[in-house]
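Student: I have a structure here, written as structure tokens, and I will follow up with some questions on it.
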Amino acid sequence: MSDEESPRSADPSRPKPHPTREKLLDAALEAFAERGFHGTTTRDIASAAGMSPAAVYVHYRSKEDLLHELSRAGHLATIDTIVEADDPAAPAAARLASVMGAFAERHARGHTSARIVNYELASLHPDHRREILELRRDITRRVRAIVDSGVESGEFDVDDPRTTTNTLLSMGIDIARWYSDDGALSPTQIRDFYAKLALRVVGATPRSPE
0 MSDEESPRSA DPSRPKPHPT REKLLDAALE AFAERGFHGT TTRDIASAAG
50 MSPAAVYVHY RSKEDLLHEL SRAGHLATID TIVEADDPAA PAAARLASVM
100 GAFAERHARG HTSARIVNYE LASLHPDHRR EILELRRDIT RRVRAIVDSG
150 VESGEFDVDD PRTTTNTLLS MGIDIARWYS DDGALSPTQI RDFYAKLALR
200 VVGATPRSPE
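So in numbering that gives the first Met the number 0 the end of the sequence shown lands on 209, straight run, no missing numbers.
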């Protein structure tokens, strides 16, 4: 697994799992990335963690519980990223560029975990899936509020704010599918590119640095 940002590392004030649980989460992430959720067994996760299968059940009832915790932590970390990048007092264009740039950079740096938490939703138990979908709706609401603000201020030329918001988020999420640590663009370059791209999507002209 690449040396990328953990979905649990964005907010240092949020309690971290017990070291053994942390080890199992990292092992599950590695196994899910290599084999997919349905192709991974509890034995695979235990082996990657250097533990026995029985030891896994001391901390997690199933591999689905591990996926749920990874998904929850990843989405909460994304919300943290948006909150940190957003300045509600700034013009809408500056807010959108900052938020979508940070959103894209996060999906590049944490592309393995982001790919799992975004593309394995159907593997979650219905109750867990509902919880994660509510976190995703929270992310959407935050970005939609910026789009609506830009439309109201006249900074954005948008016919359909809902579809535009979904487009912006989909572009950022998809980075996790194709991004490679060995690729031509660094996460910082991805951030800058997507910040400008987001402004083009909403019909705003990127401002030159003063």
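We put the beta carbon where it would ideally sit given N, CA and C, even for glycine.
CA-CA distance, K195 and A121?
Tutor: Within the sequence shown, residue 195 is the residue found at index 196, counting from 1. Within the sequence shown, residue 121 is the residue found at index 122, counting from 1. When the Cα atoms are used, K195 and A121 turn out to be separated by approximately 32 Å.
Student: Of all the options R141, T40 and G49, which has the alpha carbon lying nearest to the alpha carbon of A84?
Tutor: In the sequence shown, the residue the question calls residue 84 occupies position 85. With distances taken between Cα atoms, A84 lies closest to R141.
Student: Label G100 either buried or exposed according to how many other C-beta atoms from any shown protein chain fall within 10 Å of its C-beta, with 16 as the threshold for buried.
Tutor: The sequence position of residue 100 within the sequence shown is 101, counting from 1. Buried, by the Cβ-count rule.
Student: At the level of alpha carbons, what is the spacing between V200 and T163?
Tutor: Position 201 of the sequence shown, counting from 1, holds the residue named residue 200. Position 164 of the sequence shown, counting from 1, holds the residue named residue 163. So the two alpha carbons sit approximately 7 Å from each other.
Student: Spatial neighbours of I172 within its chain, please: C-beta separation below 8 Å, excluding the five flanking residues on both sides.
Tutor: The sequence position of residue 172 within the sequence shown is 173, counting from 1. Cβ neighbours of I172 within its own chain (closer than 8 Å, five residues either side excluded): H106, A113 and N117.
Student: Report yes or no: do three or more beta-carbon pairs, one from the segment 62-79 and one from the segment 125-133, lie closer than 8 Å?
Tutor: yes
Student: Is it the case that the Cβ atoms of G149 and A92 are separated by a distance below 8 Å?
Tutor: Start at 1 with the first residue of the sequence shown, and residue 149 comes out as number 150. Start at 1 with the first residue of the sequence shown, and residue 92 comes out as number 93. Against a cut-off of 8 Å, the Cβ pair of A92 and G149 comes out as a contact.
Student: Can you check whether the CB of L23 is closer than 8 Å to the CB of H58?
Tutor: Along the sequence shown, read from residue 1 onward, the residue named residue 58 stands at position 59. Along the sequence shown, read from residue 1 onward, the residue named residue 23 stands at position 24. Contact: yes.
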